[in-house]
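Here's the structure we're looking at; comments come further down.
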Amino acid sequence: MSGPVFAGAAAGLVVGVLLTLGLVLAWRLARGSRELGSDSDRATFRTLHLASRAATHLRDGLDGDDVGRAARSLRQLLGADALAVVTADGAVALDGSSTLEPDARRVAERVLATGRRHVESGDVEDAVGAPVVAGGRVAGVVVAFADTVRPPLVRATGEVAQWCAAQLELAELEASRTALAQAELRALRAQISPHFIYNALGAIASFISTDPERARDLVLDFADFTRYSFRGRGDFTTLADELRSIHSYVELERARFGERLAVTLQIAPESLTAVIPFLSVQPLVENAVRHGLEPREHGGTIVITARDEGTQTEITVEDDGVGMDPAVVRELLTSRDTTHVGLRNVDTRVRQLYGDDHALDIETAPGSGTLVRLRVPRSQPLHETEVSVP
Numbered sequence: 001m002s003g004p005v006f007a008g009a010a011a012g013l014v015v016g017v018l019l020t021l022g023l024v025l026a027w028r029l030a031r032g033s034r035e036l037g038s039d040s041d042r043a044t045f046r047t048l049h050l051a052s053r054a055a056t057h058l059r060d061g062l063d064g065d066d067v068g069r070a071a072r073s074l075r076q077l078l079g080a081d082a083l084a085v086v087t088a089d090g091a092v093a094l095d096g097s098s099t100l101e102p103d104a105r106r107v108a109e110r111v112l113a114t115g116r117r118h119v120e121s122g123d124v125e126d127a128v129g130a131p132v133v134a135g136g137r138v139a140g141v142v143v144a145f146a147d148t149v150r151p152p153l154v155r156a157t158g159e160v161a162q163w164c165a166a167q168l169e170l171a172e173l174e175a176s177r178t179a180l181a182q183a184e185l186r187a188l189r190a191q192i193s194p195h196f197i198y199n200a201l202g203a204i205a206s207f208i209s210t211d212p213e214r215a216r217d218l219v220l221d222f223a224d225f226t227r228y229s230f231r232g233r234g235d236f237t238t239l240a241d242e243l244r245s246i247h248s249y250v251e252l253e254r255a256r257f258g259e260r261l262a263v264t265l266q267i268a269p270e271s272l273t274a275v276i277p278f279l280s281v282q283p284l285v286e287n288a289v290r291h292g293l294e295p296r297e298h299g300g301t302i303v304i305t306a307r308d309e310g311t312q313t314e315i316t317v318e319d320d321g322v323g324m325d326p327a328v329v330r331e332l333l334t335s336r337d338t339t340h341v342g343l344r345n346v347d348t349r350v351r352q353l354y355g356d357d358h359a360l361d362i363e364t365a366p367g368s369g370t371l372v373r374l375r376v377p378r379s380q381p382l383h384e385t386e387v388s389v390p
C-alpha cells in the first residue's frame, strides 16, 4: 500500500510545487524586471513558468483537449520555430505553421518505428523528433522545428520529451489513486448491505403490529440512511451531512438495543462544515456498535466529538465497550479479514487521500473500550462537495 500512496502523494507535491513557482513568477513580473535580478534569474523564472503551464495542460494526456496549449508552452521553452506533439495514434497538436503538419507526422512515424530520436532536413524547416516513453511504451513524439537543427536543440528536445513522459506517468498515478479510492468506497457500500440491512428490517418488522407509528418512523430512518449511503454524487461530504446519516443509523440500532445503546454528540459548531471523505465517520460508529457494545450484556455509550485543531478537524468516536488487544487492531488494519472491514476501509482511504500521517489513531485495550481518532485537513480546495438541505 505504501508504494501507491507515496507515488500519489509525490504527484500532488510536484504539481503543487510547479503551480506555486508559476504564481511566484507572475508576482515577480508584476513588480517589474528590476526585481528579477540577473539575466540568469529571469531565464530560470521563465523556464519554470513555461514548464508549469505545460504541466497543467498535459494532465489529460497527449490526446487531451489542452495538448495544443502545452505545445505552445513547450515551443517557447525550446525557442523552436514550431513544435508538434504527436500521439501514438497519429493525432497532431501543432503550434506553428500548419504546413508543417505532414513533416511532423513523417518524423513521428520514424521515431515511433525505432523508439529513438530522429533528425530530418526538410524543404522549409529542419526537424528533430524525440519519443515520449511512459509506462514502458512510446506514448507519443515531440517534434521541434528550426531553420537548422543543431546539437543543443536535439538534446533539449529529448529532455522535454522525457519531462512530458514524467507528467503522463504522474497523471496516471493520480488516476490510479482516484480509482482505488472509489473501489474502496464501493466495497464499503457493499459491506453495509448484508449485516445492517437484515437487522434493520427485522427491527422494523417487530414494531409493525405493536407500534405502527414507531415502525413508520423507522422506515423513514431506513430510507434516509440507505439514500445517503448509496448516493451517486461525490466522494466527499460535510460532517453535518454524515452526522444526519449517523442519526438515522443510531435510531435503527436503538430499535434493537433499546436503552442499551446511548449516543452523545460533542460537536463544535465550526466543524460541521468540515469536508470529510464520504462514509468515513459512520463506519466508525457502526464498528463501535457491532464490536464494542453488542458483545456487552448491558450495551454502553458512544461519544462522538469534533473540533478544529489549527489546520485540522479532529473527529473521535469513543465507546466504553469490550475493547481489543492493540496488537490485534494493528493486524486487522493490514489483513484482509472480513471482520472490522469498515475500520480498515476508512484507514486505507484516508491514507490514500491525505498520506500516512493521517492514518486512524486507535486507542484500545481489553475491557477498556475503544477510541478512534480521525483527522482531516480543514482546507481541501480540490475536494468539492454538495451541502444537503435538512
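Position one of the sequence shown corresponds to residue 1 (full-length UniProt numbering), numbered consecutively onward.
Idealized CB from N, CA, C, for every residue including glycine.
Bear in mind that the values here come from a model prediction, so they are computed numbers and not experimental data.
Fill in: Sequence-distant residues of its chain with Cβ nearer than 8 Å to residue 281 (five each side left out)
Locating residue 281 in the sequence shown gives position 281, counting from the first residue. Once the five neighbours on either side are set aside, the close Cβ partners of residue 281 are 239, 242, 243, 246, 304, 315, 317 and 374.
Worksheet item: Grouping DSSP H, G and I as helix and E and B as strand, with all else coil, what is residue 58?
Response: Indexing the sequence shown from 1 puts residue 58 at position 58. Coil.
Worksheet item: On the premise that residue 125 lies in contact with residue 147, defined as a C-beta separation below 8 Å, what is that separation, rounded to the nearest angstrom?
Response: As a first step, residue 147 is located in the sequence shown; it is residue number 147 there, counting from the start. As a first step, residue 125 is located in the sequence shown; it is residue number 125 there, counting from the start. Right, the Cβ-Cβ distance comes to about 7 Å (below 8 Å), so this counts as a contact.
Fill in: Whether residue 344 touches residue 332 by CB criterion (8 Å)
Walking along the sequence shown from the start, residue 344 turns up at place 344. Walking along the sequence shown from the start, residue 332 turns up at place 332. Contact: yes.
Worksheet item: Which residues in the same chain as residue 324 place their Cβ atom closer than 6 Å to its Cβ, once the five residues preceding and following it in sequence are excluded?
Response: Within the sequence shown, numbered from 1, the residue matching residue 324 stands at position 324. 364.
Practice prompt. Buried or exposed for residue 208, please, with buried defined as at least 16 other CB atoms from any protein chain shown within 10 angstroms of its CB.
Written response: The sequence position of residue 208 within the sequence shown is 208, counting from 1. With fewer than 16 Cβ atoms within 10 Å of its Cβ, residue 208 is classed as exposed.
Worksheet item: For residue 75, which residues from the same chain have a beta carbon less than 6 Å from its beta carbon, with the 5 sequence-adjacent residues on both sides left out?
Response: As a working mapping, residue 75 is identified with position 75 in the sequence shown. Excluding residues within five positions, the ones whose Cβ falls inside 6 Å are 83 and 95.
Fill in: Exposure label - residue 16; buried when at least 16 CB within 10 Å
Here residue 16 refers to the residue found at position 16 when the sequence shown is read from its first residue. Bear in mind that the predicted position of residue 16 carries a pLDDT of just 48, short of 50, making it too unreliable to give a figure here.
Worksheet entry | In chain order, each alpha helix (DSSP H) run of at least 4 residues that lies wholly inside the segment 94-171 | Every alpha helix (DSSP H) of 4 residues or more that sits fully in the segment 94-171 is shown, in chain order, as 101-114.
Worksheet item: Any idea what DSSP makes of residue 373, helix, strand or coil?
Response: Locating residue 373 in the sequence shown gives position 373, counting from the first residue. In the structure shown, residue 373 adopts extended strand secondary structure according to DSSP, grouped into three states.
Worksheet entry | Cα-Cα separation between residue 376 and residue 370, rounded to whole angstroms | Against the sequence shown, residue 376 aligns to sequence position 376. Against the sequence shown, residue 370 aligns to sequence position 370. Roughly 20 Å between the two C-alpha positions.
Worksheet entry | Straight-line Cα distance separating residue 86 from residue 225 | Your numbering for residue 225 matches position 225 in the sequence shown. Your numbering for residue 86 matches position 86 in the sequence shown. In a straight line, the C-alpha of residue 225 is about 50 Å away from that of residue 86.
Discussion item. For the alpha helix (DSSP H) containing residue 334, name the first residue and the last one.
Written reply: Walking along the sequence shown from the start, residue 334 turns up at place 334. Its alpha helix (DSSP H) spans residues 326-334.
Worksheet entry | Bridge-paired residues (DSSP) for residue 318 | Reading the sequence shown from its first residue, position 318 is the one you call residue 318. In the DSSP output, where bridge partners are listed per residue, residue 318 has 303 and 371.
Discussion item. Let's test the definition: count the other Cβ atoms within 10 Å of the Cβ of residue 151 and tell me whether it reaches 16, buried, or not, exposed.
Written reply: Indexing the sequence shown from 1 puts residue 151 at position 151. Residue 151 comes out exposed.
Discussion item. If you measure between the beta carbons of residue 107 and residue 127, is that distance less than 8 Å?
Written reply: Counted from its first residue, the sequence shown places residue 107 at position 107. Counted from its first residue, the sequence shown places residue 127 at position 127. Yes. Within cutoff.
Worksheet item: How is the beta strand (DSSP E) around residue 276 delimited, first residue to last?
Response: In the sequence shown, residue 276 corresponds to position 276, counting from 1. Segment 275-277, the beta strand (DSSP E) holding residue 276.
Worksheet item: Who are the Cβ neighbours of residue 149 in its own chain at under 6 Å, not counting the five residues just before and after it?
Response: The residue labelled residue 149 in the question sits at position 149 within the sequence shown. Excluding sequence neighbours, residue 149 sits near 119, 126 and 128.
Practice prompt. Assign residue 213 to one of three DSSP states: helix, strand, or coil.
Written response: Within the sequence shown, numbered from 1, the residue matching residue 213 stands at position 213. Correct three-state label for residue 213: helix.
Practice prompt. Using alpha carbons as the reference points, say which of 170, 144, 167 and 171 lies closest to residue 158.
Written response: To locate residue 158, count along the sequence shown from 1; it is residue 158. Answer by Cα proximity: 144.
Worksheet item: What did DSSP end up calling residue 92 once you bin it into helix, strand or coil?
Response: As a first step, residue 92 must be located in the sequence shown, where it is residue number 92. Note: residue 92 maps to strand in three-state DSSP.
Worksheet item: Nearest-angstrom Cα distance between residue 310 and residue 347?
Response: Counting from 1 along the sequence shown, the entry for residue 310 is found at position 310. Counting from 1 along the sequence shown, the entry for residue 347 is found at position 347. Each residue's alpha carbon lies about 22 Å from the other.
Fill in: For residue 264, the residue or residues it bridges with in DSSP
Reading the sequence shown from its first residue, position 264 is the one you call residue 264. Answer is 303, bridged to residue 264.
Worksheet entry | Nearest neighbour of residue 354, chosen from 228, 307 and 380 [CA to CA] | The count along the sequence shown starts at 1 and reaches residue 354 at position 354. The option with the nearest alpha carbon to residue 354 is 380.
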